[in-house]
């Protein structure tokens, strides 16, 4: 029975179960109007994602669709690149569990959901070019990575913080040379060229993005809950990452590079969350995806008969955060 429960937590059935739970939490939060206030002028001329659909039902549906897509990307990345050295869906399952802990961020489409989608797409593109810097296809994918991040920066400037992170990722993937560096530069230059050239954004529309103050988005009680949830995720994610380091060193160079970049992306996201705390809600979905991956990595190579117990305990903690947020 214990072995079956452990296997279930690593199977797609558990992922589907918690995906449905996250959708239910999102619907309840939306029905109770537990959504973030729409903050305009966060980017460089393009309306912030939170403004696109406001608090409408379409915004909820789009958010849930992105939530589904990110979980599927987490599973696909592991299947395609064998980053966990095992076929498991636990990373996506824990992503959905962590998402449930802060319902206001799950009840509408906003910049944080766009960030986690673009970031995971860029991770998949980056991993696919490992050691293939001489190929034109690899340069096209590098170009696309920086194109997506720069377009995101026009909607919310915090996207641009991830440009140097993925540039470092190109070094880790052994693809950074003169041609790929030029491809990355063109990826950064193309969005403003298109946006200005077609008049989508006029030069006079450029402005310094508005400061987001977390205390304006949550009242005092909600802020305490958000702080506890975010703090626990930061500590747990960092602990799992540190525990995984020795195991990563035993992998081959390709798998070490993949997991090394995920660690770098996790550290960068955690630092941005702390240092740019005025806009911490923007980073939470990506933080959840990466923390879920770190936890899944730890439990995957320790898949023993009773390893389900700490996983269930972790799920219980976030279930408590979810219930607490509705009280």
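In my numbering, the protein residues as written are 58 to 384.
C-beta: ideal position from N, C-alpha, C; glycine also.
Quick caveat: nothing in here was measured; it's all calculated off a predicted structure.
Applying the criterion that 16 or more other CB atoms from any shown protein chain within 10 Å of the CB defines a buried residue, is residue i buried or exposed?
i	result
residue 58	exposed
residue 150	buried
residue 97	exposed
residue 122	exposed
residue 90	exposed
residue 196	buried
residue 137	exposed
residue 115	exposed
residue 248	buried
residue 351	buried
residue 106	buried
residue 387	Given that the chain is displayed from residue 58 to residue 384, the structure contains no residue 387 and the question cannot be resolved.
residue 87	buried
residue 385	Any property of residue 385 remains undetermined from this structure, which presents the chain solely from 58 to 384.
residue 255	exposed
residue 307	exposed
residue 177	buried
residue 301	buried
residue 382	buried
residue 232	buried
residue 258	buried
Between which two residues does the alpha helix (DSSP H) containing residue i stretch?
i	result
residue 224	220 to 229
residue 119	114 to 138
residue 286	277 to 306
residue 375	365 to 383
residue 350	341 to 357
residue 319	310 to 332
residue 60	59 to 67
residue 197	193 to 212
residue 167	First-last for residue 167: undefined, no H or E at that position.
residue 254	235 to 254
residue 156	147 to 157
residue 91	Counting along the chain, residue 91 falls outside any alpha helix (DSSP H), and DSSP gives it neither H nor E.
residue 106	106 to 110
Taking residue i and residue j to be in contact with their CB atoms under 8 angstroms, please state how far apart those CB atoms are, rounded to whole angstroms.
i	j	result
residue 212	residue 168	7 angstroms
residue 223	residue 179	6 angstroms
residue 200	residue 243	6 angstroms
residue 79	residue 157	5 angstroms
residue 209	residue 171	6 angstroms
residue 220	residue 203	7 angstroms
residue 75	residue 154	5 angstroms
residue 93	residue 283	11 angstroms between Cβ atoms; not a contact.
residue 117	residue 165	6 angstroms
residue 329	residue 218	6 angstroms
residue 66	residue 285	Their Cβ separation, rounded to whole angstroms, is 25 angstroms, which puts residue 66 and residue 285 out of contact at 8 angstroms.
residue 181	residue 134	5 angstroms
residue 63	residue 364	6 angstroms
residue 379	residue 82	6 angstroms
residue 373	residue 290	Residue 373 to residue 290, Cβ: 15 angstroms. No contact.
Meets three-Cβ-pair contact criterion under 8 angstroms: the region 310 to 320 and the region 110 to 129: no
At least 3 beta-carbon pairs within less than 8 angstroms: the region 354 to 363 vs the region 140 to 148: yes
Cβ contact check for the region 190 to 199 and the region 158 to 165: 3 or more pairs under 8 angstroms: no
Contact between the region 234 to 243 and the region 340 to 356 (3+ Cβ pairs under 8 angstroms): no
Segment contact, 8 angstroms Cβ cut-off, at least three pairs: the region 288 to 300 with the region 333 to 345: yes
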